[in-house]
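Below is one structure; the comments refer to it alone.
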């Protein structure tokens, strides 16, 4: 009988946690305050929630061997899941209601600094699909 996740899954989990740590440092260096890490709600998970001024950034972190693969991993399904999770998060945080909400992506690729894609997409423009 084996305990815990399979080795490949465990390695992916460690990589994801490291990527989120790198992304958090990058955001702090850019003047953001990280409010939440790995927030889990009834409809999904948000990797990072950060605030800078009157803007709240809901951030998806993707770690892949190539930047193109990392960016491609944030597909329509992932964006819809993240938008639903953000709505659930905000419903529980009325103190953040007056902030402008933005969806960002941080791409983490070996041997490079993380790349922050500001305002990567807007859910209201996706036709509710």
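Numbering (the numbering used here), first residue to last: 1348 to 1476.
For glycine and all other residues, C-beta sits at the position ideal for the given N, C-alpha and C.
Within its chain, find whatever has a CB closer than 6 Å to the CB of residue 1462; leave out the 5 residues flanking it on each side and keep chain order. For this step, residue 1462 is matched to residue 115 along the chain shown. Once the five neighbours on either side are set aside, the close Cβ partners of residue 1462 are 1454.
Three-state secondary structure assigned by DSSP to residue 1459: The residue given as residue 1459 occupies position 112 in the chain shown. DSSP places residue 1459 in coil when its eight states are reduced to three.
Would you call the stretch 1415 to 1430 in contact with the stretch 1377 to 1384, where contact means no fewer than 3 C-beta pairs closer than 8 Å? In short, these stretches do not touch, since the Cβ pair count stays below three.
Using the rule of at least 16 other Cβ atoms within 10 Å of the residue's Cβ for burial, across every protein chain shown, is residue 1417 buried or exposed? One-based indexing of the chain shown puts residue 1417 at position 70. A residue is called buried once 16 or more other Cβ atoms fall within 10 Å of its Cβ, and residue 1417 is buried on that count.
Rounded Cβ spacing between residue 1393 and residue 1436 (contact assumed at less than 8 Å): By one-based count along the chain shown, residue 1393 stands at place 46. By one-based count along the chain shown, residue 1436 stands at place 89. Indeed they touch by this definition, with Cβ atoms about 6 Å apart.
Between the alpha carbons of residue 1404 and residue 1452, how many angstroms are there, rounded? Within the chain shown, residue 1404 is the residue found at index 57, counting from 1. Within the chain shown, residue 1452 is the residue found at index 105, counting from 1. For residue 1404 and residue 1452, the distance between alpha carbons rounds to 9 Å.
Using alpha carbons as the reference points, say which of 1412, 1397 and 1395 lies closest to residue 1359. Counting from 1 along the chain shown, the entry for residue 1359 is found at position 12. Out of 1412, 1397 and 1395, the CA that lies nearest to the CA of residue 1359 is found in 1412.
Beta-carbon within less than 7 Å of residue 1420's beta-carbon, same chain only, minus the 5 sequence neighbours each way: which residues are those? Stepping through the chain shown from its first residue, residue 1420 is reached at position 73. Excluding five sequence positions before and after residue 1420, the CB atoms of its chain that fall closer than 7 Å to its own CB belong to 1409 and 1411, given in chain order.
Using the DSSP secondary-structure output, state which residues sit across from residue 1407 in a beta bridge. On the chain shown, residue 1407 is found 60 positions in, with the first residue counted as 1. Bridge partners of residue 1407: 1452.
Residue range of the alpha helix (DSSP H) that includes residue 1366: To locate residue 1366, count along the chain shown from 1; it is residue 19. Start and end: 1354 to 1376.
Could you give the DSSP three-state label for residue 1400: helix, strand or coil? Taking the first residue of the chain shown as 1, we reach residue 1400 at position 53. Here residue 1400 sits in coil by DSSP.
Just to confirm, are residue 1395 and residue 1362 a CB contact at a threshold of 9 Å? By one-based count along the chain shown, residue 1395 stands at place 48. By one-based count along the chain shown, residue 1362 stands at place 15. Cβ atoms of residue 1395 and residue 1362: not closer than 9 Å.
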